[in-house]
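Residue numbers (the numbering used here), protein chains in the order written: chain A, 1 to 219; chain B, 1001 to 1249.
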Amino acid sequence: MRRLKLLLVLTLLLSGTVIAQERQVEHSEDGQTVTVIRTLPKRIDQHNFRVGVGTMSFSTLLYHLSYADTGGPFTFRESVKDAETYLTNSFFTGVYSLNYSYHSRRWLQCGGTVNFWAITQSERDCVTNNKVENYCDWGMSIMPTFRFIYLYREKVQLYSSISAGIVVGNVNLMPCIDATLIGCSFGRKLYGFAELGLGTGGWGRIGIGYRFDSKKAKK
Amino acid sequence: MKKYIILALVALFSLSSCVLDDGTTRDPNKANEVLVRKVISSLSPTLRNVKYILYADAVVEGRESDAKFIKSHYFPNATIETADDKITITESLSNNQSMQSVVTTGGVKLTEGGSWTLEEVSGDKTILVGTYTGVQGAECTFTTTYTNGKEESEDYSVKILYSLVSNGIKMKVWGAGDMELKRSYTMSFTIDDNNPLIHYYSNTGGSRDTFYYINYFGGAMNIAYTDLVDNTSREVNILFDDDGDHIYN
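1. Could you check the C-alpha separation between Y135/A and A83/A for me, to the nearest Å?
2. Could you tell me if the beta carbon of I1053/B falls within a distance shorter than 8 Å of some heavy atom in the ligand PLP?
3. Quick one: is I1160/B buried, meaning 16 or more other Cβ sit within 10 Å of its Cβ, or exposed?
4. Starting from Q121/A, find everything on chain B with Cβ-Cβ shorter than 9 Å and list it in chain order.
5. Could you tell me which residues DSSP pairs with Y96/A in its beta bridges?
6. List the residues that DSSP assigns as beta-bridge partners of H1199/B.
7. What is the rounded straight-line gap between the Cα of D1243/B and the Cα of P1045/B?
8. Is it a yes or a no for the stretch 46 to 55 of chain A touching the stretch 1156 to 1176 of chain B, going by three-plus beta-carbon pairs under 8 Å?
9. Where does T1210/B land, buried or exposed, given buried means 16+ other C-beta within 10 angstroms?
10. Let me check understanding here. Comparing Cα to Cα, which of L1054/B, R1048/B, D1155/B lies closest to Y1146/B?
11. Which stretch, first to last residue, makes up the alpha helix (DSSP H) that contains S1042/B?
12. Any Cβ of chain A within less than 9 Å of the Cβ of R1063/B?
13. What number of angstroms, rounded off, separates the C-alpha of A68/A from the C-alpha of D125/A?
14. Under the three-state reduction of DSSP, which class applies to F986/B: helix, strand or coil?
15. What's the gap between the Cα of A194/A and the Cα of I142/A?
16. In the DSSP assignment, find the unbroken alpha helix (DSSP H) run with V1158/B in it and report its ends.
17. Quick check on the DSSP output: the alpha helix (DSSP H) that includes K81/A runs from which residue to which?
18. Counting along the chain, where does the beta strand (DSSP E) carrying S1115/B start and finish?
19. So which residues of chain B does E84/A contact, with C-beta pairs closer than 7 Å?
20. If distances are taken between C-alpha atoms only, which option among Y1216/B, V1103/B, I1238/B, R1234/B comes closest to N1222/B?
21. Which residues, taken in chain order from the stretch 183 to 201 of chain A, show a beta carbon closer than 9 Å to some beta carbon of chain C?
22. Taking the continuous beta strand (DSSP E) assigned at G207/A, which residues delimit it?
23. Whose Cβ in chain A lies nearer than 8 Å to the Cβ of S1184/B?
24. At a Cβ cut of 8 Å, what residues of the stretch 125 to 139 of chain A count as close to chain B, listed as they run along the chain?
25. Assign C1140/B to one of two classes, buried (16 or more other C-beta atoms within 10 Å of its C-beta) or exposed (fewer than that).
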């Protein structure tokens, strides 16, 4: 069973190299059937830039929970001070991402991703409703990214990715991991993408990107 | 094409951000409530100690029915030891320990101008609860000073006009008190004699005092609070109504 699963994973990853041909049946004007075989290139050599936004994930929530509130109030004076103010709703900004990758072989893109998110909240005076203090917990993950393309077409690509790096912020420095379980991009040069994932990028991500040929591809 | 990109960006922002957690409720009187509860939680047990004085007074004056009424209402399972100059009331606590309330009369009746002291004895610890002068139906003075020997102290001097009623003790209370925690805060309260607090102390069981915050029906109190750390002050005037509710002004 284990061998079968491993074989399935390898097949998916390498299908981009194996399925290198696209067959299309066309009909000529004189009624003859012609089968056209288009061969997909082995190398792409394109630069990819992406910007996107994602939802909250368990890992981003865990990152903020790792900074434990000391609790309280513990004294009468603290109780009075605590009662003089109230907290507004805490607001999650979303996970904003910036990604660059180089599409070398048809099935592989290598690059890096930066994610940023924040949770904001205000403390206000109960009587005057003036803002007393602003609270902002923010985090930024910096990770190298490997994207595996298992369906490559001119306008559509299906892929998965894996990233691992660190999270920095005003809370803690921690290692992090991110994975796109399945993603789809649609478009030629300017494209959109949608992904389902796990990790610091959020469970759901969408965005836009731009790809262009590198100098190597133009030669 | 631009339209689709803009639509996509709007969708991005609208779908990703969210309210993570509800905040707390804004209540302009929340801090006032904290102050009032602090004063009441200190004042009420102090006032309720008057039951021992009432009992001792009834015993000394020979008013057996009053003594029986008070004992049955407030400490029915207590054992009483009577001496010429003191009356000791021993109650069992829930943790298998006992608490003694000792009223030292000095052999002088309150009606003869006596000044009685009330002490709490628990184990080898004796705490002077307060000093009492006056009789039922007349203006009585109850002064109490508490300190934990370190940095916390309370000092009250209140006058009480009390009477036994069918469901307990009714008290009219006025006077002033101070509370302090060094390097933290000071707090003082005043209750005007023109608008005394009306407090009903009702207890049908024999357990130790419980905090009846709601048993204040009428009267007004002024509380002044100073935060010694931030050097800020706060003052609150509170009015109790006949239904046991209170408002701030």
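Using N, Cα and C, we set each Cβ at its ideal position, and we do this for glycine too.
Put simply:
1. 18 Å
2. What this structure holds is no ligand at all, so the ligand PLP is not there to describe.
3. buried
4. L1020, D1021, G1023
5. V53/A, F116/A
6. M1171/B, Y1216/B
7. 21 Å
8. no
9. Because the pLDDT at T1210/B is just 41, under 50, the model does not fix this residue reliably, and the value given afterwards should be weighed accordingly. Answer is exposed; the Cβ neighbour count stays below 16.
10. D1155/B
11. 1030 to 1048
12. no
13. For A68/A, the predicted model reports a pLDDT of 48, less than 50, meaning its position is unreliable and no value from the coordinates is stated.
14. Chain B is shown only over 1001 to 1249; residue 986/B falls outside these bounds and no answer can be derived.
15. Taken atom to atom, the span from the alpha-carbon of A194/A to that of I142/A is near 21 Å.
16. Per DSSP, V1158/B belongs to no alpha helix (DSSP H); it is in the beta strand (DSSP E), 1152 to 1165.
17. 76 to 83
18. Taken as a continuous stretch (DSSP letters only), S1115/B belongs to no beta strand (DSSP E), as it is neither H nor E.
19. A1031
20. I1238/B
21. Included in the structure are the protein chains A and B, with no chain C among them.
22. 204 to 213
23. Near S1184/B (Cβ distances below 8 Å), the residues of chain A are T75, F76, R77.
24. C126, V127, N129
25. buried
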